[in-house]
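Comments concern the structure below.
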Amino acid sequence: MESLSAILVVFLPLAGTLINLLLLSYEILTKKEDEHLNPIKIISGIVSCLAVAVPFLLSLYIFGKETIRIEFFNWIPLGGYKITFSALFDNLSKVSLLYITGVSSLIHIYSVGYMSHDRGFIRYFMLLNLFVFFMIQIVVSENLVQIFLGWEGVGFCSYALIGFWYSGYENARAGFKAFIVNRVGDFGFLVGIALFLIYTGGVDYSLVKNLPSDKVFLVALALSMGAMGKSAQGPFWLWLPDAMRGPTPVSALIHAATMVTAGVYMVVRLKDLFSFPSGASEFVFWVGVITSILMGFFGIFERDIKRILAFSTLSQLGLMFAGAGTSFKYTGMFHVFEHSFFKASLFLISGILMHEFENETDIYKLKEKKPLEKGMTLSALGFLIGALAMSGVFPLSGYWSKESIIQAVSHDFGTTGSILMLIASFVTPLYMFRAYFVVFGNQKFKISFSPSHEGGYLMFVPVLVLVILSVIGGVFDVGHWLGKEYGYQEHIHGGVSPVVVHITVFLAVFISYIIWGRGKEVPESGVGKILWRKLYLNEIEEYSFIGGAVALMKLMYSFAERIIIEGFYLFLSALARVVGYLIASAHGGEPVRILFLIILGITFVLFIV
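Using the numbering used here, read the sequence shown as starting at 84 and increasing by one per residue.
This is the structure we're talking about:
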């Protein structure tokens, strides 16, 4: 029964994708694509929700069971070694499946309401189911080739969903930008896989112990490029804010709660590689902590509510990397788990605001709509809880995971680590409560928990569940579930006092209220302009990544199209003229024989082409 359940967890989302593909084909052939919620869309919505909800229930069932391993088939032979396509359900993958399928189920339900009047409804759910399938491949894989398959799969789904409304230039451009930046990181991932294969003779995770000690850092560095690209860390950050061009539920699921955490998962999964005394863990830590602080400051200088949440995601991903870069690897995954609740709720609340106020995302224009006076109590309360949870306020979900990271960093990196964590703790409430005070501040409070004011039941209920999980999420003892194998300790000694952290947080909340709660803003001129433009890093990196990619493609076009292909045709035409001249000279213009040889020559040329 456990094996059957595991197989269904892996393949039910793929089945949902295929059914949606058939429904989409039928819709196109019968020309029934429209903006109304018709029976075909209803079937698609039900099938899609079941394709992820059933795996969630089955994941709960197998969670308490022993480790399950299923080998489906031998995939790629490499001499005497074979790469298998398999599924491993150990503690790490089972914990990951819970938040992936659980949060996905809620977002699928929300999406039925959010996308009900969209012409691309079925295409949307087909891609969403396909994404969940590939995400599951990442967490159940046993080798680097299979995880790379899932890695590229979620990347494709991300690209397709960012540019879902592809008729808009900026939407299509955002998808292209994400595609290019991630390809750079994935190139590093491929190099890492190749080096791993060369030095160990295989690609299974278990072979990491066979790596020569002097090659560990090189392999880890290459693989971490892939992790940084997918999780938008370091120089790869610039694609994630623009990814908010996609539908809001996509932002909640793919670009906040699941896909962007894949890099953290890979670092934790390859704990033996990143635990060697080779500098690999330190590299991951420094990338994470610098990204966390810098992206947090950038989030302060944004007006778009979804982009503010995108920068908050970048900042929190940095904290996850920092935790994964310590000897207490579980802390990174702990924050991944808890973060999925409050970040998904925040994005879905922004979706409700957009749904009710004509897709408005500017926080100052949203304030003019006075959402609190219109009875949007859940949105206001949920956003407040999400902001407090992200800031690490006791006893909300974010407190437990964030506190574990702070203690782990303080233990491994001493005073320097403690100071950096306090800075990160100070920045988080600044950008979150700026958004909260601007959107919901200085309004009459009309208490009304009416779904009709907040998108209807299909959107209201998933948000309510996620808000509740943001409050009680600390009861999920992820560290205990993962165990000592991932560095779990009940108490990490020598860290920063939680009291000091809370003082830092509430000081930042107070400053946010003084500045933004009273309607003030940093001017977009002088030094302020540089901050609003994110130190111009976006322009610099975009020119490097996108400009470099375009230049490379132009070069390839010039070489392949102009030199190879056109040159080949010119060669054939010249060859035909030379052959014709030689034949005419040799036979004195004998018509029949010349015609025969011409036909023979044409046949030969066509065969060559």
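Beta carbons are placed, not taken as given, at the ideal position from N, Cα and C, and that holds for glycine.
DSSP places Phe172 inside the beta strand (DSSP E), whose first and last residues are 164-172.
For Glu110, the enclosing alpha helix (DSSP H) begins and ends at 85-112. Distances from the alpha-carbon of Gly233 to those of Tyr242, Phe239, Ile221, Leu244 put Ile221 closest. The Cβ atoms of Ala427 and Phe523 lie no closer than 9 Å to each other.
For Arg390, same chain residues with a beta-carbon under 7 Å away, outside a window of 5 residues either side, are Pro324, Met327 in chain order.
A check of alpha carbon separations from Gly382 across Leu479, Tyr514, Ile435 identifies Tyr514 as the nearest. Boundaries of the alpha helix (DSSP H) around Lys260: 252-283.
Per the coordinates, the alpha-carbon of Ser169 lies some 11 Å from the alpha-carbon of Val228.
Taking a C-beta distance under 9 Å as the contact criterion, Val546 and Ile432 qualify as a contact pair. For Phe496, the three-state secondary structure derived from DSSP is helix. For Leu431, the enclosing alpha helix (DSSP H) covers residues 413-439.
According to DSSP, Arg152 shares a beta bridge with Leu171. Three or more beta-carbon pairs separated by less than 8 Å link the region 302-314 to the region 341-351, which places the two stretches in contact. Using a Cβ distance threshold of 9 Å, Phe425 and Leu549 count as a contacting pair.
The straight-line gap separating the alpha-carbon atoms of His563 and Ile90 is approximately 26 Å. By the CB criterion at 9 Å, Ile575 and Ala507 fall outside the cutoff. For Thr396, the uninterrupted alpha helix (DSSP H) run begins and ends at 388-407, by DSSP.
Of all C-beta pairs linking the region 411-418 to the region 470-485, three or more are shorter than 8 Å, placing the two stretches in contact. Where Gln220 is concerned, the enclosing alpha helix (DSSP H) starts and stops at 204-223.
Counting only the Cα atoms, Ser595 lies some 16 Å from Val476.
Partner residues in the beta bridge of Ile159, as assigned by DSSP, are Ile166.
The Cβ atoms of Glu568 and Lys292 do not sit closer than 9 Å to each other. No Cβ-Cβ contact shorter than 9 Å links Thr100 with Leu244. Contact annotation: Ile183 and Thr341 have beta-carbon atoms nearer than 9 Å. If the five residues before and after Ser553 are omitted, its C-beta is found closer than 7 Å to the C-beta atoms of Phe424, Phe425, Ser428, Ile468, Gly469, Ala472, Leu479, Ser480, all from its own chain and listed in chain order. Under DSSP, Asn226 takes part in a beta bridge, and its partners are Asp287.
Remark: C-beta atoms of Leu400 and Val343 approach each other more closely than 9 Å. Apart from sequence neighbours up to five positions away, the residues of its chain that approach Leu565 with a beta-carbon distance below 7 Å are Asn174, Leu175, Val178, Tyr413, Met416, Tyr571, ordered along the chain.
For Thr444, there is no enclosing alpha helix (DSSP H), since its DSSP letter is neither H nor E. Exclusion of the five residues before and after Thr283 leaves Leu290, Asn293, Leu294 as the residues of its chain whose Cβ lies within less than 7 Å of its Cβ.
Listed in chain order, the non-local C-beta contacts of Val137 below 8 Å within the same chain comprise Leu91, Leu95, local neighbours out to five positions each way being set aside. Between Gly128 and Phe208, the gap from beta carbon to beta carbon is short of 9 Å. Counting only runs of at least 4 residues, the region 553-599 fully encloses the following alpha helix (DSSP H) elements, listed from N- to C-terminal order: 561-565, 581-598.
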